[in-house]
Structures are given as C-alpha cells and as structure tokens.
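Everything below concerns the one structure shown next.
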Amino acid sequence: MSKETQQQTKKPIYKKWWLWVGVIVVVGIIGSQTGKKGGNAPVAEGEATSSASPSSQPAEKPAEPKAIEVTAKDYYDAYESNEVTADAKYKGKTIAVTGEVDGVSKTFGTVSVNLKADEYIKQIRCKLKTESDAASLTKGQTVTLVGVGDDKMMFPEVEDCVVRK
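So this is what it looks like as structure tokens:
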C-alpha cells in the first residue's frame, strides 16, 4: 500500500452530502402525506356544471340547526350524572348555554369563558370563536353563549362559542 491510501481515511457517514439530501427528501415526503386533512373532495359531474351556470333562483342558505337551550347548571349536572348520556344529548350539537360569567381567560391563543354551574367550583368552559366576543364580557354578568357541545375534560366544554345578543 502506498502512503496516500494509508493517509486517506474514510469520512464518517454523517459527513456525506448525499445522506443528508436523502434524509431531507424522506422527511419532506412524510410531512406532505401526513399534513393532508381531506384536501380535494371528488366532485360529481352534475355539481361541476350546475355551479358554473347562472341560476334564476337565489342561492338558499342552509338552515342553521336549532340550538338546544340549557343552563350552565343543567349542562354541568348532565355530565356529572352520566357522561355517556350527556355526550349523546349534547356532543356535536348546537347548544345555547346560559349562565353567570366566572372568568375570561386566554390559554395558548384560545379564549375561554367559564360559566358558573353553582356557587362553588362547578363550572363549564366555553371556547370562544373570536377574541372580540371576550371584550364585552365581565365577571358576574349573565350571558348566553351559542356553540357546539364537546366532551368533558376537567369540566364540560362547549366549542366555537359566540355571544348571543
């Protein structure tokens, strides 16, 4: 063996450029596949042509589902009594919850309103759809929030709430 070959040592694998290019490509492919959330839905033939042609009838707005009216206490008690039954009744449905504001908070960018369910620590958490709704609320105020029923974490929750005026 010559001196040149003895002095040349192999580069460690992490210093080879082609390895890093391959790693970046693989991570990019995985990231693009896991980031899809439904994307493009297939369109039926009739739908594609009907939306392009002008219509003589005004477009009908889908009717909003009627909200289930409930007090904060009744909503809380339903989840305390039987979470499975309460989920069947409220989860995923539009509900209008009326109660006394116990506090307004912002956690990790989510604005929440806690409504009292009794005079002690029982409460429900309503996550507001927009931060501007929180500005009009004060502790002790009675308010009705309309949102979508969610499950119980520490307290029963309602998502995407707006203040009913």
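Per our numbering, residue 10 is the first one in the sequence shown, and the count goes up by one each step.
Ideal Cβ placement from N, Cα and C applies to all residues, glycine included.
Span of the beta strand (DSSP E) around residue i
{"i": "THR94", "result": "Here THR94 belongs to no beta strand (DSSP E); instead the alpha helix (DSSP H) covers 92-99."}
{"i": "ALA105", "result": "103-116"}
{"i": "GLU166", "result": "165-172"}
{"i": "THR151", "result": "151-161"}
{"i": "SER121", "result": "119-125"}
{"i": "THR80", "result": "77-80"}
{"i": "ILE130", "result": "It is not in any beta strand (DSSP E) - ILE130 carries neither H nor E in the DSSP assignment."}
Length of the line joining the Cα atoms of residue i and residue j
{"i": "VAL155", "j": "ASN91", "result": "23 Å"}
{"i": "ASP159", "j": "ALA87", "result": "13 Å"}
{"i": "ASP142", "j": "GLU109", "result": "15 Å"}
{"i": "THR118", "j": "CYS135", "result": "Just to set this straight, residue 118 is Gly in the shown sequence, not Thr. Taking the straight line from one Cα to the other gives about 14 Å."}
{"i": "VAL167", "j": "VAL30", "result": "46 Å"}
{"i": "LYS100", "j": "ILE38", "result": "36 Å"}
{"i": "VAL35", "j": "VAL171", "result": "43 Å"}
{"i": "ALA76", "j": "THR107", "result": "12 Å"}
{"i": "ALA126", "j": "ALA105", "result": "14 Å"}
{"i": "VAL79", "j": "GLN150", "result": "17 Å"}
{"i": "LYS131", "j": "PHE164", "result": "8 Å"}
{"i": "TRP26", "j": "ILE33", "result": "11 Å"}
For residue j and residue i, believed in contact at Cβ under 8 Å, the rounded distance
{"i": "VAL157", "j": "ASP169", "result": "5 Å"}
{"i": "LYS161", "j": "GLY112", "result": "With 8 Å as the limit, LYS161 and GLY112 do not qualify as a contact, their Cβ atoms being about 19 Å apart."}
Heavy atom of the ligand ZN within 7 Å of residue i beta-carbon
{"i": "THR147", "result": "Ligands in the displayed structure: none, and consequently the ligand ZN is not present."}
Validate contact between the region 121-139 and the region 92-100 using beta carbons, cut 8 Å, 3 pairs: no
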